[in-house]
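Residues 495 to 688 in the working numbering are what the sequence shown spells out, letter by letter.
Take a look at the structure set out below.
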Amino acid sequence: MHDLFYYLNLDDASVNEVYRNENIIEAQTISGLTVTLRPVSQFRINAIRLSEAEKMREEGYTVDHPTYTTTTAAGLEETFLHTEDTLDTDEEKEEWKNFNEHQGLLASRIEERVLKYILLQGVIVDEPESWEEDQKEDGIIVPKDRRARFLHLLQTEVLSTPAEIQAAAQIVTRLSLRGASEEVVSAVEDSFRD
495 MHDLFYYLNL DDASVNEVYR NENIIEAQTI SGLTVTLRPV SQFRINAIRL
545 SEAEKMREEG YTVDHPTYTT TTAAGLEETF LHTEDTLDTD EEKEEWKNFN
595 EHQGLLASRI EERVLKYILL QGVIVDEPES WEEDQKEDGI IVPKDRRARF
645 LHLLQTEVLS TPAEIQAAAQ IVTRLSLRGA SEEVVSAVED SFRD
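Structure (structure tokens):
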């Protein structure tokens, strides 16, 4: 059995072979535990993105690209997306500034929720014996909620480093995007880097 990083360091031909023929991947973590990684719904990930944008709209954030309307020579009104060069009023400039700031916040919120979903649904592991008792002895409060508890287990016992969490997320993403173009896979994987 290979560790998580093995699957990230394959050449393109090997990656295509592994991910085309596998619905799940078993790998060993740095902590020595075996995890099973499986695909997750890309439709649910899209629903997470759309839901987070809607929540932010409801909270008063500027998440939609600012527009302006102009009248054509024929007397018709046309709407265009603003660019930095089309901003005329202080109000437009303020809306543009807010839009750019809020896009960063939206991206951050989406990334957090998508990663949480991928870990909760894409990673399967048998709970290590006495992990919860060990943490309580160390003064750590283990969440009672089933999902929060499992995420806590993954992040504190199973996937020991940020790099390992990122590797697991990328592998689940690759499994989930089977059949998609390599450009789509690369774009989605890039969202987990940094």
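A virtual CB, placed ideally from N, CA and C, is assigned to each residue, including glycine.
Checklist entry - Using the C-alpha atoms, what's the distance from G598 back to R640? => result In the sequence shown, the residue the question calls residue 640 occupies position 146. In the sequence shown, the residue the question calls residue 598 occupies position 104. The alpha-carbon atoms of R640 and G598 are separated by roughly 30 Å.
Next on the checklist: Check for me: the alpha helix (DSSP H) holding Q664 runs from which residue to which?
Outcome noted: Counting from one through the sequence shown, the residue named residue 664 turns up at place 170. Its alpha helix (DSSP H) spans residues P656 to S670.
Checklist entry - Between Y562 and E676, what straight-line distance do the alpha-carbon atoms span, to the nearest angstrom? => result Here residue 562 refers to the residue found at position 68 of the sequence shown. Here residue 676 refers to the residue found at position 182 of the sequence shown. The alpha-carbon atoms of Y562 and E676 are separated by roughly 36 Å.
Checklist entry - Is the beta carbon of L575 sitting closer than 7 Å to the one on H596? => result What you label residue 575 is simply residue 81 of the sequence shown in a count that begins at 1. What you label residue 596 is simply residue 102 of the sequence shown in a count that begins at 1. Cβ distance not < 7 Å, so L575 and H596 don't count as in contact.
Checklist entry - Among all the DSSP beta bridges, which residues are the ones paired with A521? => result As a first step, residue 521 must be located in the sequence shown, where it is residue number 27. Its beta-bridge partners are V529.
Checklist entry - From L570 to Q615, what does the alpha carbon distance come to, in whole angstroms? => result Counting from one through the sequence shown, the residue named residue 570 turns up at place 76. Counting from one through the sequence shown, the residue named residue 615 turns up at place 121. For L570 and Q615, the distance between alpha carbons rounds to 50 Å.
Item to check | Sequence-distant residues of the same chain with beta carbon closer than 7 Å to A547, five excluded per side | outcome: Here the question's residue 547 lines up with position 53 in the sequence shown. Here the set comprises V557 and L600.
Next on the checklist: Count Cβ pairs between the region 583-594 and the region 602-620 that sit closer than 8 Å; are there 3 or more?
Outcome noted: no
Checklist entry - Thinking C-beta only, is V666 closer than 7 Å to L531? => result Mapped onto the sequence shown, residue 531 falls at position 37. Mapped onto the sequence shown, residue 666 falls at position 172. Taking 7 Å as the Cβ cut-off, L531 and V666 qualify as a contacting pair.
Checklist entry - What did DSSP end up calling V608 once you bin it into helix, strand or coil? => result On the sequence shown, position 114 is the one that residue 608 refers to. Residue state, collapsed to three classes: helix.
Item to check | Proximity of S525 and S624 at Cβ, strictly below 7 Å | outcome: For the purposes of this step, residue 525 is taken as residue 31 along the sequence shown, with counting starting at 1. For the purposes of this step, residue 624 is taken as residue 130 along the sequence shown, with counting starting at 1. Their beta carbons are not under 7 Å apart, which means S525 does not touch S624 by this criterion.
Next on the checklist: Between the alpha carbons of M550 and R543, how many angstroms are there, rounded?
Outcome noted: The count along the sequence shown starts at 1 and reaches residue 550 at position 56. The count along the sequence shown starts at 1 and reaches residue 543 at position 49. Answer to the nearest angstrom: the Cα atoms are 11 Å apart.
Checklist entry - If you check the beta carbons only, do I612 and V534 fall under 7 Å apart? => result By 1-based counting over the sequence shown, the position of residue 612 is 118. By 1-based counting over the sequence shown, the position of residue 534 is 40. It is a contact, given that the beta carbons lie within the stated cut-off.
Next on the checklist: Going residue by residue through the region 596-642, where are the continuous beta strand (DSSP E) segments of at least 3 residues, counting only ones entirely within it?
Outcome noted: 617-619
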